[in-house]
Every structure is written in structure tokens, then in C-alpha cells.
Amino acid sequence: MGVPEQREDFYVTVAIDYPNGDPHVGHAYEKVAADALVRFQRLRGRPTFYLMGNDEHSQNVLRAAKQRGQDPEGYCADMAGVFREAWDVLGVGYDRFMRTNDPRHIAAVQRLVQELHDRGHVYAGTYHGWYCVSCEAFITDKEVNDGLCPVHHRPLERVEEANWFFRLSSFRDAVLEHVRRHPDFIQPEARRHEVESLLRSGLEDVSISRAKTEWGVPLPWDPDQVVYVWFDALTTYLSGVGYGWDEAAFRRHWPADVHLIGKDITRFHCVIWPAMLLAAGLPLPRTVYGHGFLNVRGEKLSKTTGNTVDPVAFARRYGVDAIRYYLLAETPFGQDGNFAPESFAKRYNSDLANDLGNLLSRGVAMLERFREGIVPQPPADSDDGFREAAATTRDQLAGAMEGLRLHEGPAALLSLCARANRYVDRQAPWELARRGESERLDAVLYNVAEVLRILAVGMSPFLVQAPEEIFRQLGLDPGAVRDVGWAGMEWGGLGPGTRVCRGAPLFGRLDPEAVAQDAGSFGGHTPTAVPSASTPAPDPGPTISLEEFRRTELRVATIQAAERVAGADRLLRLQLTLGDGTPRQIVSGIAAHYRPEDLVGRQVVVVANLEPATIRGVRSEGMLLAAKSGKDLRLLGPDGPVEPGAEVR
RNA sequence: GGCGGCGUAGCUCAGUUGGUCAGAGCAUGCGGUUCAUACCCGCAGUGUCGGUGGUUCGAAUCCACCCGCCGCUACCA
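In my numbering, each residue's number is its place in the first sequence (first place is 1) plus 62.
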């Protein structure tokens, strides 16, 4: 289906980010993971291309710019600098940073939509509905929750306008067919099942343009409209490698080998994106990988509550390699992960300090003490099984990375490291030295040094500083880590006669308690976004008049009966009294939070003059008020008994 | 409600097509060692492999049902 089995160059993309705030550790997780993939492929000697960028044409970003009193162009340029600096600090070596406001990208988007238009996949229609600025998405009537976005719980904007639609529905069969025939197309498997399920249930055409917005890419045939931001954003995967402005480069790179994305945007990448590409006559990417979310201290990452980690501050505090290693080694890739001080300190100490760092420390120390710092010539056939062990590790590393099981890479390397530590204890070079067993001593010291060299090479996709430092302490050219390539994983690469050079501990041990209390690196501290005196207060959002508010009739009601609605998980059917003698029936989505029997007799606040509706075939006359924080939901009511029907002002 | 998945040592998780599959790492306890970053090495565990039935000579591994949790989805006025 137009997907080459394996091309020469390896093209990886990550999600582009909204620059409406500073990069956080969740962003970093994805970027570092992709970086490890790319570094591994480079190690294998494969040409690679790593694309990242910022998603600038969103209302979020426009708003953030206005809040800072900047025009969007200037704001986005500044933020691109902030993001790029963060990736630099984290050692993320991307090949191109494509901003959606880049003229080359804008040209590419226009070319793509024109292509779809020319091929008859776009038609004029009228969009009625809701739009969530935070999601950058149109929300169907079914999804609207009390006038709020189901995801962000923020007020929606009512939109009714003529705009342009993409015939997504006509590509359903083709996309479904592709997903079924290419099991690797969507990974992990759970994501593929979700997408298949979605596709089976059918697709509706989607709006691809918006009117009345000056910020965005104008449609070539209707400049009064701009391209819907998701279409715009997805197109960076094409524009980033030359689509629309460097055809030769584009042919060389496209299709992508891996789109690395968060699991929340699977739908766009596995349904809409393939359909767009099919419609444009372009080949589909080989794999879309939806990685898990990174929680912080066991809780959802949240900027508003400050439950986040600034990856830049963290890297500066504990080292680039510390954060990279923790991100990559701690969590089985694909699952949700957790970023917590305790587990970080534990992982760092046990793997990096005690095992890897200490092996280097003792290895180099022994060479200095017993061999004047010179790597000895080992006797023939004295590798004591390490040649084979190293080959196994190399294969495990390759298997892990090719299979996108990133966390298995460090695990395989640590296993070789542990073997070497064990080996030192069993061979006891200090005993060999005392007994004058010179040949055995030569063999053991060489083997340890050679394992260290191989570990440095193998770790180079994950760590960016330690491998060079290991090379340096082994007396090798630090820059050679990047040049040795896959052959560097072969046993025997270390030349006898090399003079080692003892240095500071590779990874100094951390005090877990101190780490746990280090709010500076673990808090929501974001040095690049320190609000200045000139920063305007955040936009409080549109206001309503007192008159408008008074139109809402809020009253206290007493629940007299409650029962579950058959066939619905979240719905309860409630009978209430407002003290007017007329029982009132309300259907409410609180079944997950309250048991029916616990509700009877309670007093709650209801919207009494809400237009009645029928939910799941059950009449509902009003709505309960409840506070929602995260997953918790608490009904509101008077803090003491009042007469049913009492007005709430 | 539909679809998908998960529930295995204190913690995080491996366990291919049923027969050394009851494991690894971390944590814990005891012992050893001194080249090394109070490191490293050895030993020791504990587990009713969520529950109940069933298929089988034999199931953590297959089937049914149940309990709990998660994801997508529907309902959530």
C-alpha cells in the first residue's frame, strides 16, 4: 500500500507543542524518547531525520500572546526559542524545528488543502455547533456537557458558519483496511483496538476550516477562512521534510517511520491523518505510536495546581543524563509513567551511581593501582564469556529499540553491567595481584575496561554525557563515542596500551531525602516564564450581566427517591420536591459518585428553570449543581436544613 | 451499556503457541569482600499467580461466570 518495507533513512516525528506555556516534563518525555530512537538508529549507521516543532495557529496561543501584550508572531518566535533551548538542555538532537507559522509550512498546508480540494474531497457546508478553544476542536452536540467542553470543562463558543468539509467518511473503509493489514501501524496494540472500534462505528465528515480568524493559514480558494488547526498541525509532518518547498528532500524522507504521540491524540493521527494522506495520494507512515502519560507524584500532571516538573531546572540540578535515564528506564514505554522524587533517587542511585558509575570507578582505579593506568594486552581467549555476553546485550538492545520497547534497552545494558560487577568480585583482581597471577590479572582488568567501553557505546542513545566521560576516563577520545557506530558494540574494540585517566565519580550518589525535599526542581517552578511587572492580568473571560445571571433559577430541593437508570452507567433518576407540591424528576450523571440510597433525604441545589430534556428515554426537568475537581464530584447543598424550594441567590 | 485491556512476591513488573513458570529488579534480613561512589558480591525468603467452577494426565497460561481497576465509546439538562 505504498509503504516501503524499509527505507534507507529513518524519519521520526514527535507531536508539535502549543507554545502557550513553557515546556513541561510531559513534553520532555516524548522528545527524549524520540531522541533515543534517533540516536540508536544513528548508532546503527542509518541516516535519520528527527522533526519537531510548535503548533502556533491556535486560539490558545493567540490568547497567550495577547495576555503578554505581544503580537502572535513575536510571541511565537520568543516561545520557539524557549522550547528549542529546553530541548538543547535535554540533549534532544532534532534535525528541524518546524513552526506552523513558518512560510514554508504555510505553503505546504495550502498545497495540501488545495490538493484535497482539487481531488474533490472537500466541499462547502455549514457548521453548527460548539467549539472548544482549549481542545482546538469542534464539539458535537452529543459531547457538550452543560455547555462545557467534556475534556476541559470550560465554556464553549457557539459557532455557526459556512465552512469547508473534508470527506472523511468516504475514507473509512480504506483506513480500516490499512489498520487491519498493518498491525504495526498503530501501537501499542491497545491503541489499535480503540481505533478499529472507532472506525467500525463509522465516521462523519469533518470541518477543516474556520472563518473570522485572522490567525492561521488562509484557504487558497477562500482566503476569508483559515485551515482548521488540526489539519494545519498534522501537515508539519510533511512540511518539515520539504513538502511544498523541497520535493527532492520530501521524496527522500517521506513516509515517516514513526509518529511518536501522546495517547490522547491517537484519533487525529490514526483516523483523520491517514485519510488526509490517502486523499492526497500520499503514502502512509509506517507506525503511529501513542505513548502513555507521565504523571507527577502519582497525580495527573497539572500546571494549574503546580503538579509538574520543569525539565530544564531538573536537568540543571541533577544532570541531563539523570532525567533522560529516569524518563526512559523507569516506565515500560507505552504505559503511563510516574515521575516522583523517591523513585527517581532510587533509580538513579541503584542503576547509575552504584552499578554503572561504580563499575567505572573501580575498574579505572584497579588499572591505575595494578597496571600503572595502562590497559593491558589480554591473553588469547581470555574474555571469560564476555564476548558472547556483549553480543547478547547488543542484540537485546537492538530488539528493544526496533520494537519500540525503549525501557528494555537500559535494562539489557544494566544486566551486562551487573555481570561485570559480579565478575570483579569473583575474580578478585587484588588477590590475583597479591599472588602474582599476572596473566589472569591482565585478562580481568582488560575485560572490565572493555565492558565499560561497550556500555558507553550502548548507553549513548539514552545518555548524552556519561558515555563521553566513560571514554575519557578509559583514555579514549570522547568524541569517538559518536563515531564508532554499531561496530563499537563488538567485543575487543579497546586497544591495549591505552592510558586510563581517573576522574570524578560518573554519577555521585543522591540523598533520597534531600531529593524528596527539593521543591526547586520538582515543583512547578518555571524560570523562563517569570511574570514581569508589565504582564497584564489573565483575561477573566467574558462576563455576564447580573440580569443574565438572575435568569437562572436556582432552588434547594430535597431528594425523595433515587434509582439507577437501566442501561446507563452514570445516570441516576431522582425524584425531588421543591416544596410546591409537584414532584420533580431529574436525571443526573452522578451514578459513579453517589449511591442512590445515600441520596434520599439530601438537599441539593437545582437549576429549576432549565429547559426539560429526555435522556436515555427518561424525562429530566432540571439539573443538579455539583463541584468537580479532577475525578471527584461533590453535590452542592445548604449547610443546614432549609425549606425545599428555597431560592438560591 | 458496547468494545478493549488489566488484576503474579512489600513495590514496579516479566511470564511466547498449557507440562523446571512460579520469576526479575528494587526494598527487607543475614553473611562476605575491600579494587570501588557506606559501593559490590553471596544467601534467604514470603506469593492460595483476583475469586469460583470447568476442560486436561497436567493451567498463572484454555473456557464460563463473578469481583475489582483502567482505556476508548455512549448516556451524563
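Ideal placement from N, C-alpha and C gives every residue a C-beta, glycine not left out.
As far as DSSP is concerned, aspartate 140 takes part in no beta bridge. The closest CA to that of histidine 240, considering only Val151, Cys332, Arg173, is found on Cys332. Measuring C-alpha to C-alpha distances from serine 301 to each of Ala169, Pro403, Val426 identifies Ala169 as the nearest. Distances from the alpha-carbon of alanine 654 to those of Gln637, Val662, Pro250, Asp631 put Asp631 closest.
Glutamate 147 and glycine 115 have their C-alpha atoms spaced approximately 12 Å apart.
Per DSSP, the continuous alpha helix (DSSP H) segment holding threonine 298 begins and ends at 298-301.
When the five nearest sequence neighbours on each side are left out, the beta carbons in the same chain lying within less than 6 Å of the beta carbon of histidine 190 are those of Glu222, in order along the chain. When Trp283, Phe233, Arg502 are compared, the shortest CA-CA separation from aspartate 445 is found for Arg502. Phenylalanine 401 sits in a strand when the DSSP states are folded into three classes.
Setting aside the 5 residues that flank it on each side, proline 280 is surrounded in the same chain by Val288, each with a C-beta closer than 6 Å to its C-beta; the list follows chain order. Nearest to threonine 620 by C-alpha distance, out of Leu633, Pro491, Ile648, is Ile648. DSSP, reduced to helix, strand and coil, places alanine 127 within a helical segment of the structure shown. In this structure, the beta-carbon distance from aspartate 117 to tyrosine 80 falls below 7 Å. Counting only runs of 4 or more residues that sit fully inside the stretch 77-122, the alpha helix (DSSP H) segments are 87-105, in chain order. Between the stretch 393-405 and the stretch 436-443, the count of Cβ pairs shorter than 8 Å is below three; the stretches do not touch. Going by C-alpha positions, glutamate 530 is about 28 Å away from glutamine 489.
For the set Leu686, Val680, Gln665, Ala341, the Cα lying nearest the Cα of glycine 702 is the one of Gln665. If you draw a straight line from the Cα of cysteine 138 to the Cα of glutamine 121, it comes to about 12 Å.
Taking 3 residues as the minimum length, the stretch 472-532 contains no beta strand (DSSP E) run wholly inside it. Contact between the stretch 403-416 and the stretch 165-179 is absent: fewer than 3 CB-CB pairs across the two stretches fall below 8 Å. In its chain, beyond the 5 residues on either side, Val237, His240, Leu346 have a beta carbon closer than 7 Å to the beta carbon of proline 336. In this model, arginine 497 and glycine 541 are separated by some 38 Å (Cα to Cα).
By the CB criterion at 7 Å, valine 710 and valine 667 fall inside the cutoff. With respect to arginine 379, valine 94 sits apart: the two C-beta atoms are not nearer than 7 Å. One Cα belongs to arginine 515, the other to phenylalanine 330, and the distance between them is close to 43 Å.
By the neighbour-count criterion, in which a residue is buried when 16 or more other Cβ atoms sit within 10 angstroms of its Cβ, glutamine 249 is buried.
In this chain, the beta strand (DSSP E) harbouring isoleucine 323 covers 320-324.
Taking the C-beta atoms as reference points, glycine 707 is found nearer than 7 Å to arginine 617. With contact defined as three or more Cβ pairs closer than 8 Å, the stretch 348-358 and the stretch 318-327 are in contact. Here glutamate 709 carries a strand assignment [DSSP, helix/strand/coil]. CA-to-CA, the gap between proline 134 and aspartate 84 works out to about 16 Å.
About 5 Å separates the beta carbon of threonine 370 from that of histidine 86, a gap short enough to meet the 8 Å contact definition.
Alanine 427: member of the alpha helix (DSSP H) spanning 420-433, first to last residue. A distance of 7 Å or more separates the beta carbons of valine 627 and valine 662. Counting along the chain, the unbroken beta strand (DSSP E) around glutamate 625 starts and ends at 616-626.
Of Gly520, His183, Lys365, Arg173, the smallest CA-CA separation from histidine 89 is found for Lys365.
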